[in-house]
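Asks: Residue numbers (our numbering): 15 to 287. For every residue, glycine included, the Cβ atom is placed at its ideal position computed from N, Cα and C. Sharing a structure below in structure tokens format, with a few things to ask.
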Ligand code: KIV
């Protein structure tokens, strides 16, 4: 590729323009090879802070650091050529105010080359989103079940069970939308609440455990590929890679023990000159 040829990735305005149009397809990605596999099929790839739980064995996303997000963001940018790449701002790197959020976001954009950041809609977030967008940083919001709030919520709990909670989630979505988010992830809410949010906001909604009527859908890739024994109710498994890997590794172990691996085709032989 010459230096004048630019990789044409899907952009934040293009995602925003998809409201009510063709559904938006998105998945999480944390590594270069997986990003390359997902890239032809996804509109955007999210380097989610779920990486802490999925790849690093953490029990929540709370301990994920900016350095981890930068490392995985760089890897995904190397693997994906056309999908938009969004990276999560991890817990503790943006909630205290717009200036801190700007500094963390600028590091993510400058050091990884990603095009946007995602924030969970906690207190004060509309002001922060407005501040970031006005300074050139596209922001995706995240409402409903907010994994970074697991310690306050007492676990990963679906949102909108009471009238007051429904009102609060809708108000958060409206505020994030008015502040300039180009898309809003809606996680873990009853489908009628997700539909109400989708109707109430101008930005496209991206559902996860939400509703088929959202403007797009996202899943954690490792969940939909069947890499975990347990997955939440809203996950559809499109493959059973856990079983495939188990069988393949058992077969390899058997071949090593029996001396069938490596075979003639898998060894080097020195040719005489
Ligand atoms: O971190 C993540 O993977 C997410 C998605 C589940 C939306 O926020």
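Return yes when the C-beta of residue 62 is under 7 Å from any heavy atom of the ligand KIV, and no when it is not.
Replies: Indeed, a heavy atom of the ligand KIV lies less than 7 Å from the Cβ.
Asks: Whole angstroms is fine: what's the gap from residue 248's alpha carbon to residue 281's?
Replies: About 46 Å.
Asks: Quick one: measure Cβ to Cβ for residue 235 and residue 48, integer angstroms, because I've assumed they're closer than 8 Å.
Replies: About 6 Å separates the two Cβ atoms, so the contact holds.
Asks: Whose C-alpha, out of 98, 41, 60, is nearest the C-alpha of residue 28?
Replies: The candidate whose alpha carbon is nearest that of residue 28 is 98.
Asks: Distance check for residue 127 and residue 33, CA to CA, integer angstroms please.
Replies: When rounded, the distance between both Cα atoms is 25 Å.
Asks: Write down every uninterrupted run of the beta strand (DSSP E) in the segment 189-246 whose length is 3 residues or greater and which is fully enclosed by it, in chain order.
Replies: DSSP runs (the beta strand (DSSP E)) wholly in the segment 189-246: 197-201, 219-222, 230-233.
Asks: Evaluate contact between the segment 207-220 and the segment 162-170, counting only Cβ atoms and requiring at least three cross-stretch pairs below 8 Å.
Replies: Flag = no, the segment 207-220 and the segment 162-170 do not touch.
Asks: Determine the extent of the beta strand (DSSP E) in which residue 134 is found, giving its start and end residues.
Replies: 130-134 is the span of the beta strand (DSSP E), which, as asked, contains residue 134.
Asks: Between residue 244 and residue 51, what straight-line distance do the alpha-carbon atoms span, to the nearest angstrom?
Replies: Computed Cα separation, rounded: 24 Å.
Asks: For residue 173, count neighbouring Cβ atoms within 10 angstroms of its own Cβ and tell me buried if that reaches 16, exposed if not.
Replies: With 16 or more Cβ atoms within 10 Å of its Cβ, residue 173 is classed as buried.
Asks: Give me the DSSP bridge partner(s) of residue 40.
Replies: DSSP, once it has assigned bridges, lists 58, 232 as partnering residue 40.
Asks: Cutting at 8 Å between CB atoms, please list the residues of its own chain near residue 37, excluding the five before and the five after it.
Replies: Excluding residues within five positions, the ones whose Cβ falls inside 8 Å are 229, 230, 231.
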